[in-house]
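Going down the list, the protein sequences come from chains A and B.
Letter by letter, the first sequence follows residues 1 to 222 in my numbering.
Letter by letter, the second sequence follows residues 1001 to 1222 in my numbering.
Protein chains: 2
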Amino acid sequence: MTPVICTVDVVLLTLDKGALSVALFKRDKEPFAGRHALPGGFIHAEADKTAFDAALRVLKDKTGVTSPYLEQLATYSGADRDPRGWSVSIVYFALVPKAVLDIAGTSDMRIENVDALRSLPFDHLDIVRTAVSRVRSKSVYSSLPVYLLPKEFTLGELQETYETVMGEPVDKVTFRRKMDQLAMLEPTGELDRSRPNRPAQLFRLKKEFRHTLSTVVRPLNS
Amino acid sequence: MTPVICTVDVVLLTLDKGALSVALFKRDKEPFAGRHALPGGFIHAEADKTAFDAALRVLKDKTGVTSPYLEQLATYSGADRDPRGWSVSIVYFALVPKAVLDIAGTSDMRIENVDALRSLPFDHLDIVRTAVSRVRSKSVYSSLPVYLLPKEFTLGELQETYETVMGEPVDKVTFRRKMDQLAMLEPTGELDRSRPNRPAQLFRLKKEFRHTLSTVVRPLNS
DNA sequence: ATAATAGTGTCTGTTAGACATTATGCA
DNA sequence: TGCATAATGTCTAACAGACACTATTAT
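Shown next, in the form of structure tokens:
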């Protein structure tokens, strides 16, 4: 029986220059050596307990990121997607604050606006588009976008993040009502005094939502 | 590098005795020979163009079903889930009308109420529960349950199907409004005269939704 | 006529979205 | 004091859910 190549790939998303962006890495081996692609690698049956662990390992090795929000996206497979042969890629997506990438970022890493991507090796463009679409639709009724922000943030910053991810403006009152329903935030007690106006309350994610989404039945918009 | 076992499994769902049910098949090989489990098999790199095709092949071989609603559920992986070694299973779920299974059903097939399952080989119980949960939540805002019905059906039968899948009653007026919004049905022109009362209009799925879901933003319930 | 279900009209409470108003800091 | 943004109050239109009523067949 012809062997099947088993890999994991990670769509690592963050906010950069006010846009939803993906981290790409220069490949040092064939195929597509020298080109930028999603971070990924073979599953190591000896080292990885599960594919999820393999994805964590890949992220750790390429970016130093250790505890991101990480979720399985889908599995891509087939004879034609990798020139080396019939392959399976279990794809995960991660959301991290930009600051985390700035600390660990290496010179072979590139952060690109997801809406400006034109081509990527393998079927990675398809994969990124699917991941973005998943994140956008899930943001409508969940806490997903908070994982793009640092530990503490104002409601204004959070709303801006939602608007960036979803690509459309959101009503302020509706937004705050929805955040109340999600019940995932707690005020830090501190105020953000970095602007020349009324300071905003700083919030953080409640502990129980650090790796688990909060969701509502009714979407953010109509 | 230790090789990884690559398989596909299918959660084949249908309505039986008024309950959401799953088709299980007697295993003729070890491990778990003689026990009933999800239909599945190794990916054949020579025969299958993609894992989706492998899932279709498995379904065809075990049940004769050729063109079901089929969607990828998730991929399960790890060292412990299969005694033969580190394995990856790309899992799909399918929805088919019971009548289709009655035609092709073999003696090693068993249809079981998903809420009555107590144990299954491998991690198949987890998998079925995840599939059921996915189907239930997706039914709230999509046309998914129609794939459990035969080609023609009344709105009453469709509502009953939704209620069975979601496990709770639905308001008739709300239900019909939602079906209007989904805009996926067309009247056949025929009436269902099988009952001793006012006959109901028969509907069928519009062609464009035979394998594609129709969805609404607002859920069926509040 | 009666039973039984199909199908529709209408009212009400809830909620999203729009708009307006008040609050609170800095320059 | 003026300006900018935070935070909240309030009105309205849309909609889900409940209920009632009408329609249409077989017996």
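Where is the CB? At the ideal position from N, CA and C, for every residue including glycine.
Residue from Ala-51(A), Glu-71(A), Gly-34(A), Lys-26(A) whose Cα sits closest to the Cα of Ser-135(A): Mapped onto the first sequence, residue 135(A) falls at position 135. One point to set straight first is that residue 135(A) is Val, not Ser, in the sequence displayed. Nearest of Ala-51(A), Glu-71(A), Gly-34(A), Lys-26(A) to Val-135(A), Cα basis: Glu-71(A).
7 Å Cβ cut-off: residues of chain B touching Pro-3(A): Working through the first sequence from its first residue, we reach residue 3(A) at position 3. Per Cβ cutoff of 7 Å: Pro-1003.
Can you have a look at Val-1165(B) and say buried or exposed, based on whether 16 or more other CB atoms are within 10 angstroms of its CB? What you label residue 1165(B) is simply residue 165 of the second sequence in a count that begins at 1. The residue in question, Val-1165(B), is buried, as its Cβ has 16 or more Cβ neighbours within 10 Å.
Using the C-alpha atoms, what's the distance from Thr-130(A) back to Pro-1145(B)? The count along the second sequence starts at 1 and reaches residue 1145(B) at position 145. The count along the first sequence starts at 1 and reaches residue 130(A) at position 130. Going by the C-alpha atoms only, they are around 24 Å apart.
Run through chain A and tell me which residues come within less than 9 Å of Ala-1045(B), C-beta to C-beta. Sequence index remark: in the second sequence, residue 1045(B) carries index 45 (1-based). Here the neighbours are Met-1, Thr-2, Pro-3, Val-4, Ala-79, Gly-85, Trp-86.
Where the alpha helix (DSSP H) containing Asp-1061(B) begins and where it ends: For the purposes of this step, residue 1061(B) is taken as residue 61 along the second sequence, with counting starting at 1. Its alpha helix (DSSP H) spans residues 1051-1063.
Nearest to Pro-83(A) by CA position, among Ala-200(A), Leu-182(A), Lys-29(A), is which residue? Looking up residue 83(A) in the first sequence gives position 83. Among Ala-200(A), Leu-182(A), Lys-29(A), the Cα nearest to that of Pro-83(A) is on Lys-29(A).
Residues of the segment 174-186 of chain A with a CB closer than 9 Å to any CB of chain B: list them in chain order, please. none
Would you call the CB atoms of Val-65(A) and Pro-1219(B) closer than 8 Å? Counting from 1 along the first sequence, the entry for residue 65(A) is found at position 65. Counting from 1 along the second sequence, the entry for residue 1219(B) is found at position 219. No; because the gap between Cβ atoms is not below 8 Å, this pair is not in contact.
Taking the alpha-carbon positions, what's the Asp-115(A) to Lys-17(A) distance? For the purposes of this step, residue 115(A) is identified with residue 115 of the first sequence, where counting begins at 1. For the purposes of this step, residue 17(A) is identified with residue 17 of the first sequence, where counting begins at 1. Between Asp-115(A) and Lys-17(A), the C-alpha separation is close to 13 Å.
For Val-1100(B), the nearest candidate out of Gln-1201(B), Lys-1026(B), Val-1058(B), Leu-1013(B) (CA to CA): Taking the second sequence and counting its residues from 1, the one referred to as residue 1100(B) is at position 100. When only C-alpha atoms are compared, the closest one is Leu-1013(B).
Using C-beta distances below 6 Å, list every residue in its chain close to Trp-86(A), excluding the 5 sequence neighbours before and after it, in chain order. Walking along the first sequence from the start, residue 86(A) turns up at place 86. These residues qualify, in order along the chain: Val-4, Ala-79.
So the candidates are Tyr-76(A), Arg-81(A), Leu-56(A); which of them puts its Cα closest to the Cα of Tyr-69(A)? Reading the first sequence from its first residue, position 69 is the one you call residue 69(A). Ranking Tyr-76(A), Arg-81(A), Leu-56(A) by Cα distance to Tyr-69(A) puts Leu-56(A) first.
Pairwise C-alpha distance: Asp-53(A) and Met-162(A): For this step, residue 162(A) is matched to residue 162 along the first sequence. For this step, residue 53(A) is matched to residue 53 along the first sequence. In the sequence on display, residue 162(A) carries Tyr and not Met. So the alpha carbons of these two residues sit roughly 29 Å apart.
Out of Val-1022(B), Leu-1182(B), Phe-1203(B), which has the shortest C-alpha to C-alpha gap to Thr-1154(B)? Mapped onto the second sequence, residue 1154(B) falls at position 154. Closest option to Thr-1154(B), Cα to Cα, is Phe-1203(B).
Could you pull out every residue in the same chain whose Cβ sits closer than 7 Å to the Cβ of Leu-1149(B), ignoring the five residues on either side in sequence? On the second sequence, residue 1149(B) is found 149 positions in, with the first residue counted as 1. Cβ neighbours of Leu-1149(B) beyond the five flanking positions: Pro-1097, Glu-1157, Leu-1158, Thr-1161.
What does Ala-51(A) touch in chain B if you count any residue whose Cβ is under 8 Å from its own? Locating residue 51(A) in the first sequence gives position 51, counting from the first residue. Here the neighbours are Thr-1075, Ser-1077, Gly-1078, Val-1088.
Using a Cβ cut-off of 9 Å, pull out every chain B residue sitting near Gln-72(A), in sequence order please. On the first sequence, residue 72(A) is found 72 positions in, with the first residue counted as 1. Going along chain B in sequence order, the residues near Gln-72(A) (Cβ under 9 Å) are Ala-1074, Thr-1075.
Relative to the alpha-carbon of Val-1046(B), which residue among Asp-126(A), Thr-2(A), Tyr-92(A), Arg-198(A) has its alpha-carbon at the smallest distance? The count along the second sequence starts at 1 and reaches residue 1046(B) at position 46. The question names Val, but residue 1046(B) is Glu in the sequence shown. Considering only alpha carbons, the answer is Thr-2(A).
Check this for me: beta carbons of Ala-1023(B) and Pro-1121(B), under 8 Å apart or not? Taking the first residue of the second sequence as 1, we reach residue 1023(B) at position 23. Taking the first residue of the second sequence as 1, we reach residue 1121(B) at position 121. Contact: no.
If you check the beta carbons only, do Ser-89(A) and Val-8(A) fall under 8 Å apart? Taking the first residue of the first sequence as position 1, residue 89(A) is located at position 89. Taking the first residue of the first sequence as position 1, residue 8(A) is located at position 8. The answer is yes: Cβ separation under 8 Å.
Option in Lys-1172(B), Gln-1201(B), Lys-1178(B) with minimal Cα separation from Gly-1189(B): Mapped onto the second sequence, residue 1189(B) falls at position 189. Gly-1189(B) has its Cα closest to that of Gln-1201(B), out of Lys-1172(B), Gln-1201(B), Lys-1178(B).
Would you say Phe-25(A) and Met-109(A) are within 8 Å of each other, going by their C-beta atoms? As a first step, residue 25(A) is located in the first sequence; it is residue number 25 there, counting from the start. As a first step, residue 109(A) is located in the first sequence; it is residue number 109 there, counting from the start. Yes.
Spatial neighbours of Arg-1193(B) in its chain, beta-carbon cut-off 7 Å, leaving aside the 5 residues before and after: Stepping through the second sequence from its first residue, residue 1193(B) is reached at position 193. Cβ within range, chain order: Pro-1199.
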